[in-house]
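Colleague: In terms of the working numbering, the sequence shown is residues 94 to 152. Just so it is clear, CB atoms sit at the ideal spot from N, CA and C, and this is done for glycine as well.
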Amino acid sequence: MKELLEKLKKLFPSAKLDLMVGGVSFEYEGMKTFVSSEKQIAILQRIFNNYEELKRNGF
Numbered sequence: 094m095k096e097l098l099e100k101l102k103k104l105f106p107s108a109k110l111d112l113m114v115g116g117v118s119f120e121y122e123g124m125k126t127f128v129s130s131e132k133q134i135a136i137l138q139r140i141f142n143n144y145e146e147l148k149r150n151g152f
């Protein structure tokens, strides 16, 4: 789980992260979730890439 924490720190430096049993508690831009796999990290990356693009386009 420590590997997940380190990867999330690199991808989302301003996120609030807490290492927990079974995964990482993740809070970023008002969204809270629990991450327990690399697949979930990939999904979060897509979500926030789309979110950033929408913000740039004025939504």
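1) Count the other CB atoms, across all protein chains shown, that sit within 10 Å of the CB of Val128; report buried if there are 16 or more and exposed otherwise.
2) Please identify the residue among Gly123, Leu137 and Glu145 whose C-alpha is closest to the C-alpha of Lys100.
3) Which value, in whole angstroms, describes the spacing of the CA atoms of Glu131 and Leu97?
4) Report yes if the C-beta distance between Glu120 and Lys109 is below 7 Å; otherwise report no.
5) Take Gly115 and list the residues in its own chain whose beta-carbon comes closer than 6 Å to its own, dropping the five residues that flank it on each side.
Modeller: A quick look at the data gives this:
1) Under this definition Val128 is a buried residue.
2) Residue Leu137 holds the alpha-carbon nearest to the alpha-carbon of Lys100 among Gly123, Leu137 and Glu145.
3) Using only the alpha carbons, I get a separation of about 7 Å.
4) Yes, they are a contact pair.
5) Same-chain partners within the cutoff: Ser129.
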